[in-house]
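Numbering-wise, the sequence shown is residues -27 to -1, 1 to 484 according to mature numbering (1 follows the signal peptide of the UniProt record, and there is no 0). I have placed the structure first, in the form of structure tokens, so that the comments after it can refer back to it.
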Amino acid sequence: MTYKQFVKTGVAASLLMLLGTGTIAQAQTTKTIDASEHKAFSKMEVTSKADAKALLQQLPGNNKASENYEQYQVVDVEKDELNYKHYTLKPKVDSVYADNQVVKVHVDDNEKVILVNGDINAPKVSFNNSKKISQSKAVNKAFKAIGQTKKSVKNLEGHDIVNKVELGINADKNKLVYNVELIYLQPTPSRWQIQVDAQTGKVLAKKNILHEATGTGIGTKGDTKTINISAISGGYSLTDTTHTGKIITYDAKTTQTRGNVVTSTSTLFNTTTQRAAVDAHYYADVVYDYYLNTHNRDSYNGKGAAVESVVHFDKNYNNAAWTGQYMIYGDGDGVTFSELSGAKDVIAHELTHAVTETSSNLVYENQPGALNESFSDVFGYFVDPDDWLMGEDIYTPKIAGDALRSLSDPAKYDQPAHMNNYQNLPNTKAGDWGGVHINSGIPNKAAYNTIQKIGKAKAEKIYYRALTQYLTTNSQFVDAKKALVQSATDLYGATEAAAVTEAWNAVGVTN
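And the structure:
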């Protein structure tokens, strides 16, 4: 969605007139504390989970996390390639963790504190209700809230419709809740996240977060590609077993089902209907190899997960999406889009959503959501660096040179490129969840500035480190800037860190 497309809708236009631009109507709970700016703090050591928790009590300045440090528990410790350690802490009350509230403690290879970031200013977590309803009842309430039943929806065979149902705490409303996630393809592709009061069964929130957009084979542009396939009885299938995680490509045949694995009686996949599958299969392999060879990440989750793609999904479907379990690609309507599997940067963009989900897990709204979109665009460029455009190979096929977005010139496609033009939109579907596809132009421009200053090779390492080690669920633009600066410092030093700082200052994101 571009900003121009957004304001064309009557509701969106009226909301925009009421809200204005250039301000951020969002409670700021996130903060980044750079240890180098606090002499005594920078000398502190963290050698254990207990130390990481105790450190919160000693944070410099006035911070809610210091007041409430006893609530925090270490839920993960990750050691990276530099031998730095990253402790992730979440508040816990009566054996239940708070939703989307994370603080990270980062220490160097000498176990000295270098950075603390996340929801440092979030208030003390509590809830004023109790668990009275069962998981199954919460799931029923969730289905009712979206006008469906478990029998009225269908997912791919082998994939659960109820992807998650677990207790959590909505800290904003002081409620114990069930967090329910429902994923299905029929009647329409959806990925619903629904929050149900654990006592009353009342639905407190709901959001559909489905993200928008060797043999040989011929792709959608008529080009021949070398692809990894598997021998089966009577022929070959688009199943790549050369990685820890298999890459499997299915043909839905313009239905809302998975269909079957794409097959051929020979090693040549060259029919017209196989072209979209060849591209999806080939580019999934390219993206898998990029993350593995450049960042030592084995598949999107770092643990060798299978990558499943479904092409020819639905009829004239104008979308490509990571559903949270697999990829789906429509054929487009020939006007807005051509076959969406035909763009390497789009596939890299969508699979990077999966990387984000299994690392920093940036929430899909407001500034964190814009960062989520931006990092997908930026890694789309890193995988396909021939130009600064996103989706140019499949968007408006009858208009030469058109694209969805541009990293170098966001304004060309109706996105802001500076905080002076930040669009303060409502956190609703009509408001693009706070402008996630719109305000992403600002960090996109900062990424372009960074790459121009230090080059792609260094920039992609810095961006990956920031995404997977330093960003947290609710990170704002300023947090992303600090995460990238710290990553540049870790990997390269002061010169690159200064370049990143200048790149973000240029788009109006200052400290």
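Ideal placement from N, C-alpha and C gives every residue a C-beta, glycine not left out.
Asked: Quick one: Cα of residue 262 to Cα of residue 360, how far?; Found: 20 Å
Asked: Using the DSSP secondary-structure output, state which residues sit across from residue 79 in a beta bridge.; Found: 59, 88
Asked: For residue 343, name the three-state secondary structure that DSSP assigns.; Found: helix
Asked: What are the boundary residues of the alpha helix (DSSP H) that residue 406 is part of?; Found: 405 to 408
Asked: Looking at C-alpha atoms only, which residue of 164, 148, 254, 147 is the closest neighbour of residue 155?; Found: 164
Asked: Could you spell out where the beta strand (DSSP E) holding residue 425 opens and where it closes?; Found: Looking at the DSSP string, residue 425 is not in any beta strand (DSSP E); the run it does join, the alpha helix (DSSP H), is 414 to 427.
Asked: In the DSSP output, which residue or residues are listed as bridge partners for residue 287?; Found: Bridge partners of residue 287: none, in fact.
Asked: So, for residue 381: in the same chain, excluding its five sequence neighbours on each side, which residues have a beta-carbon less than 7 Å away from its beta-carbon?; Found: 361, 421
Asked: Between which two residues does the beta strand (DSSP E) holding residue 261 run?; Found: First-last for residue 261: 248 to 268, but that is the alpha helix (DSSP H), not the beta strand (DSSP E).
Asked: Using only the alpha-carbon positions, how far apart do residue 212 and residue 198 sit?; Found: 15 Å
Asked: Alpha carbon to alpha carbon, how far is residue 144 from residue 480? Give it in angstroms, no decimals.; Found: 33 Å
Asked: May I ask you to report which of helix, strand or coil DSSP gives residue 369?; Found: coil
Asked: Does the Cβ of residue 139 lie closer than 7 Å to at least one heavy atom of the ligand GDP?; Found: Among the ligands in the structure shown, none appear at all, so the ligand GDP cannot be discussed.
Asked: Compute the distance between the beta-carbons of residue 151 and residue 126, then report whether it is under 8 Å.; Found: no
Asked: So residue 39 is in the beta strand (DSSP E); what residue range does that whole segment cover?; Found: Where residue 39 is concerned, there is no enclosing beta strand (DSSP E), although the alpha helix (DSSP H) it sits in stretches over 37 to 40.
Asked: Classify residue 311 as buried or exposed, calling it buried when 16 or more other Cβ atoms lie within 10 Å of its own Cβ.; Found: buried
Asked: So who's on the other strand from residue 295, going by DSSP bridges?; Found: 300
Asked: What are the residues that DSSP puts in a beta bridge with residue 208?; Found: 205
Asked: Let me confirm a value: residue 226 is counted as buried when at least 16 other C-beta atoms fall within 10 Å, else exposed. Which label applies?; Found: exposed
Asked: Using CA atoms only, rank isn't needed, just tell me which of 7, 129, 482 is closest to residue 417.; Found: 482
Asked: Going by C-alpha distance, which of 478, 472, 451, 398 is nearest residue 7?; Found: 451
Asked: Under a Cβ-count criterion, where at least 16 other Cβ atoms within 10 Å of its own Cβ denotes burial, should residue 92 be classed as buried or exposed?; Found: buried
Asked: To the nearest angstrom, how far is it from the Cα of residue 130 to the Cα of residue 231?; Found: 8 Å
Asked: Taking the alpha-carbon of residue 120 as reference, which of 425, 237, 26, 161 has the nearest alpha-carbon?; Found: 161
Asked: Taking the alpha-carbon positions, what's the residue 82 to residue 20 distance?; Found: 11 Å
Asked: Taking only three categories from DSSP, how would you classify residue 108?; Found: helix
Asked: Where DSSP assigns a beta bridge to residue 399, which residues make up the other side?; Found: Residue 399 is not bridged to any residue.
Asked: Is it buried or exposed, residue 449, if we count other Cβ atoms within 10 angstroms and call 16 or more buried?; Found: buried
Asked: Just how far apart, CA to CA, sit residue 56 and residue 89?; Found: 17 Å
Asked: In angstroms with no decimal places, state the Cα-to-Cα distance between residue 303 and residue 372.; Found: 19 Å
Asked: Apart from the five residues on each side of it in sequence, which residues of its chain come closer than 7 Å, Cβ to Cβ, to residue 157?; Found: 126, 127, 128, 134, 163
Asked: Using the C-alpha atoms, what's the distance from residue 173 back to residue 443?; Found: 37 Å
Asked: Starting from residue 178, trace the beta strand (DSSP E) in both directions and tell me its first and last residue.; Found: 176 to 181
Asked: Give a yes or no on whether the C-beta atoms belonging to residue 108 and residue 95 are separated by under 8 Å.; Found: no
Asked: Judging by CA-CA distance, which residue of 453, 258, 224, 254 is the nearest neighbour of residue 246?; Found: 224
Asked: Considering only C-alpha positions, which residue in the set 41, 389, 30, 87 is nearest to residue 456?; Found: 87
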